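According to the working numbering, the sequence shown is numbered sequentially starting from 39.
Notes follow the structure.
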Amino acid sequence: MSDHFPVLLDEVIETLITDIDGVYVDCTLGFAGHSSSILKKISKHGFLIGLDLDPYALNKAEKKLKETGKEQFSVHHASYKQFPEVLSKLGIDKVSGFLFDLGISSYQIDSEHRGFSYMREGPLDMRFNPQGEKTAKDVLSEISEKELIEILQTYAEISHADKIAKSIIHERNKNNMNTTSDLKIAISNATNGICSNKILSRIFQALRITVNDEIQTFKDTLSKIPNYLVKGGRVCVISFHSIEDRIAKHFFKDSVIINEYDYYDRSKLDSSKKLNVLTKKPIVATRDEVFKNTRSRSAKLRAAQL
């Protein structure tokens, strides 16, 4: 398993924590790279809540948090969209800070049986929650060619999405869409064997986003955040995809949720809960961090305060 390096760690801690006695929610706990530092930073009166859909990651995270010697934390096997229910269960009304580290971990990429990476032979799974309903294979077995084209255009942002979708559906119809290699072959067939790692990565990412309903889940969750922040509380979002970055940018700036290229739900947002942007431009990794952790290369950190 690859070493786990939390991206933009120093920048997150410096930006997120305004009250060492406050409650902080790590919406994407992972292996607790960020959370362990948050827990070390807060006082004995503070509290940390961690959410994640991956049971293996939760187990590792809980052990790492215990190693800090502090006990004021609670971890939950839950999607971050369920944070209101988790807070209610804990009797907590307001939070000093929320953190989102969106995307996929090095561990998930390296786990062949999870099927996240084109670089690993494995089943077409791609679920963040191994107990989730539909795998990538299930999605591809049901999807129409038109729907797949739209997914590739929107989430992978590639040219020739129509040719690639046609090839994937063709192989699917022959029952040849079961593994990561099957998907790679279909993509290769559509591109005459000329397909860059960048394109493969984007297509796998687009399918993963679809399997886990990542974009809609992020939109729905982000729109609720201001209602749970204390005055002066902050939300930090680390994104690795342009759509997620745009969603955070426009919500922080204009209190609107974008639907890829247009706006909606403006009327549903309480004007008294408007956030103040803390990052006019996103914070990105230093050259040194990128050298140590290539995953940080595409990371963008945006933050806002109530």
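Heads up, the beta-carbon is just placed ideally off N, CA and C, and yes, glycines get one too.
All values derive from a computational prediction rather than experimental measurement.
DSSP places residue 322 outside both helix and strand once states are collapsed to three, so it counts as coil. Scanning 158, 235 and 141 for the CA closest to the CA of residue 148 turns up 158. Per DSSP, reduced to three states, the secondary structure at residue 295 is strand.
Taking C-beta atoms under 8 Å as the contact rule, residue 267 and residue 344 qualify, at a distance of about 4 Å.
Note that the segment 126-142 does not touch the segment 226-237; fewer than 3 beta-carbon pairs, one per stretch, sit closer than 8 Å. Residue 330 carries a helical assignment under DSSP once its states are collapsed to helix, strand and coil.
In the structure shown, residue 337 adopts coil according to DSSP, grouped into three states. Listed as beta-bridge partners of residue 88 by DSSP are 64 and 113.
For residue 238, the enclosing alpha helix (DSSP H) begins and ends at 235-249.
Taking C-beta separations shorter than 8 Å and ignoring five residues to either side along the sequence, the partners of residue 274 in its chain run 50, 53, 54, 135, 136, 137, 138, 339, 340 and 341, following chain order.
For residue 272, the secondary structure class from DSSP, reduced to helix, strand or coil, is strand.
For residue 202 and residue 249, the gap between their C-alpha atoms comes out near 18 Å. The DSSP assignment places 133-139 as complete runs of the beta strand (DSSP E) inside the segment 112-165, in order along the chain (cut-off: 3 residues).
In the three-state reduction of the DSSP assignment, residue 74 falls in the helix class, which pools H, G and I. Distance from the CA atom of residue 317 to the CA atom of residue 265, rounded to whole angstroms, is 21 Å. In this structure, DSSP gives residue 343 an extended state, which the three-state scheme calls strand. Residue pairing by DSSP places residue 217 opposite 161 in a beta bridge. DSSP places residue 314 within a strand segment (E or B) once states are collapsed to three.
The beta carbon of residue 196 sits closer than 8 Å to those of 190, 202, 237, 240 and 241, all from its chain and outside the five residues before and after it, given in chain order. Residue 155 and residue 75 have their C-alpha atoms spaced approximately 29 Å apart. For residue 63, the closest alpha carbon among the candidates 88, 314 and 56 is that of 88. In the three-state reduction of the DSSP assignment, residue 96 falls in the helix class. Ranking 262, 324, 108 and 168 by CA distance to the CA of residue 132 puts 262 first. Per DSSP, reduced to three states, the secondary structure at residue 182 is coil, with no helix or strand assignment. When secondary structure is reduced to three states using DSSP, residue 226 falls in the helix class. Per the coordinates, the alpha-carbon of residue 217 lies some 41 Å from the alpha-carbon of residue 293. The beta carbon of residue 222 sits closer than 6 Å to those of 156, all from its chain and outside the five residues before and after it, given in chain order.
Between residue 90 and residue 72, the CB-CB gap reaches or exceeds 9 Å.
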